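Engineer: Pasting a structure below so you can have a look.
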């Protein structure tokens, strides 16, 4: 058996969930402004020499681990993430600056088990016809305050994004990177992990943003404020998606999300998360 840090081996671990009502809002940013937010080993990913910063609100539903039923009250949340893009050993992925979410237990699990920078927030996401609105207020103790309000209209479907296009660069990411403690070895400082996201290509649509009020990005530093005061337009990248489905069972569609984390101190290989460990941790959290 490979010498992997526990608990990322032995058992496959699969989280099933559906992501819907998405807005992909992006701005071009000078690479020098984003590079300090990435760990040393990660390389900032750029498109034609330009780095990109994204803000993505969406709804997550039907959340459940493999083999377990969805738990009412724990299987649905709204999320709002701030992200950029990075590569490690040539593998492109997402690097999150923050992820605001409405499910307290989910925030705890993501921070504790996956080392992702999730933050507690209040959030509403509503839809009337082709118009959607998202509102959020960060409530996480000790975190920089942030608010968000946006309204966008979903337009016509877009062709499938091609590998050399900007839309493909910004949305077709099948890995995420995160930094956190090694769960087996007693080390000083964070270790780097990579998680795999399994999904079909995003079915994108045109999006027109009618309202945009946000201090999310400013909560990470004033260096972005001037570039991001304007609402995202077509030139800066604004696309929508009703949702993503890659697996069908008994007439129900869902997105499958599998975390297979890899240590930065060894060649990149898949790690499996022990579902028994997760179940034990969740029981302790509810106790």
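Residue numbers (the working numbering): 4 to 290.
Where a beta carbon is used, it is the ideal one built from N, C-alpha and C, also for glycine.
Quick caveat: nothing in here was measured; it's all calculated off a predicted structure.
Does the structure place the segment 26-36 close enough to the segment 52-62 that three or more beta carbon pairs sit under 8 Å?
Structural biologist: yes
Engineer: Out of 23, 47, 66, 81, state which residue places its alpha-carbon closest to the alpha-carbon of residue 75.
Structural biologist: 66
Engineer: The beta strand (DSSP E) that contains residue 116, what's its start and end?
Structural biologist: Segment 107-117 is the alpha helix (DSSP H) holding residue 116; no beta strand (DSSP E) there.
Engineer: Would you please state the rounded distance, in angstroms, between the beta carbons of residue 91 and residue 125? I believe it to be under 8 Å.
Structural biologist: Actually they do not touch by this definition, with Cβ atoms about 34 Å apart.
Engineer: What are the residues that DSSP puts in a beta bridge with residue 46?
Structural biologist: Residue 46 is bridged to 90.
Engineer: When the Cβ atoms of the segment 198-211 are set against those of the segment 138-158, are three or more pairs found closer than 8 Å?
Structural biologist: Yes, they touch.
Engineer: Rounded to whole angstroms, what's the CA-CA distance from residue 152 to residue 135? Just pull it up for me.
Structural biologist: 11 Å
Engineer: Taking all protein chains shown into account, decide if residue 173 is buried (16 or more other Cβ within 10 angstroms of its Cβ) or exposed.
Structural biologist: buried
Engineer: Curious, which full-length beta strand (DSSP E) runs of at least 3 residues does the segment 111-170 contain?
Structural biologist: 121-131, 134-141, 150-160
Engineer: Where DSSP assigns a beta bridge to residue 99, which residues make up the other side?
Structural biologist: 86
Engineer: For the beta strand (DSSP E) that contains residue 204, what are its first and last residues?
Structural biologist: Where residue 204 is concerned, there is no enclosing beta strand (DSSP E), given that its DSSP letter is neither H nor E.
Engineer: Could you tell me the alpha carbon to alpha carbon distance between residue 71 and residue 37, rounded to whole angstroms?
Structural biologist: 39 Å
Engineer: Distance, Cα to Cα, residue 33 vs residue 73?
Structural biologist: 42 Å
Engineer: Please report the straight-line C-alpha distance between residue 119 and residue 24, rounded to a whole angstrom.
Structural biologist: If you take the alpha carbons of residue 119 and residue 24, they lie about 22 Å apart.
Engineer: Which two residues bound the contiguous beta strand (DSSP E) that contains residue 60?
Structural biologist: For residue 60, the uninterrupted beta strand (DSSP E) run begins and ends at 54-68, by DSSP.
Engineer: Straight-line CA distance for residue 191 to residue 141?
Structural biologist: With a pLDDT of only 41 at residue 191, under 50, the local geometry of the prediction cannot be trusted, and the value read off the model is given with reservation. Taking the straight line from one Cα to the other gives about 30 Å.
Engineer: By the 10 Å Cβ neighbour count, where 16 or more other Cβ atoms means buried, how is residue 96 classified, buried or exposed?
Structural biologist: By the neighbour-count criterion, in which 16 or more other beta carbons inside 10 Å mark a residue as buried, residue 96 falls on the buried side.
Engineer: State the Cα-Cα distance for the pair residue 131 and residue 244, rounded to the nearest angstrom.
Structural biologist: 15 Å
Engineer: Leaving out the 5 sequence neighbours to the left and right, which residues in its chain are closer than 8 Å to residue 113 when beta-carbon positions are compared?
Structural biologist: Here the set comprises 102, 104, 119, 121.
Engineer: Could you please give the first and the last residue of the uninterrupted alpha helix (DSSP H) stretch that includes residue 28?
Structural biologist: First-last for residue 28: 18-32, but that is the beta strand (DSSP E), not the alpha helix (DSSP H).
Engineer: Please tell me whether residue 123 and residue 107 are closer than 8 Å, where the distance is taken between their beta carbons.
Structural biologist: yes
Engineer: Is DSSP giving residue 40 helix, strand or coil here?
Structural biologist: helix
Engineer: Distance, Cα to Cα, residue 222 vs residue 167?
Structural biologist: The alpha-carbon of residue 222 is positioned some 32 Å away from that of residue 167.
Engineer: Excluding sequence positions up to five away, which residues of its chain have a Cβ less than 8 Å from the Cβ of residue 46?
Structural biologist: 89, 90, 91
Engineer: Can you give me the C-alpha to C-alpha distance between residue 49 and residue 81, rounded to a whole angstrom?
Structural biologist: 29 Å
Engineer: Classify residue 214 as helix, strand or coil using the three-state DSSP reduction.
Structural biologist: strand
Engineer: With distances taken between CB atoms, is the gap from residue 219 to residue 85 smaller than 8 Å?
Structural biologist: yes
Engineer: Would DSSP call residue 259 helix, strand or coil?
Structural biologist: Since pLDDT at residue 259 reaches only 31, below the 50 mark, its modelled position is unreliable, and no value is offered.
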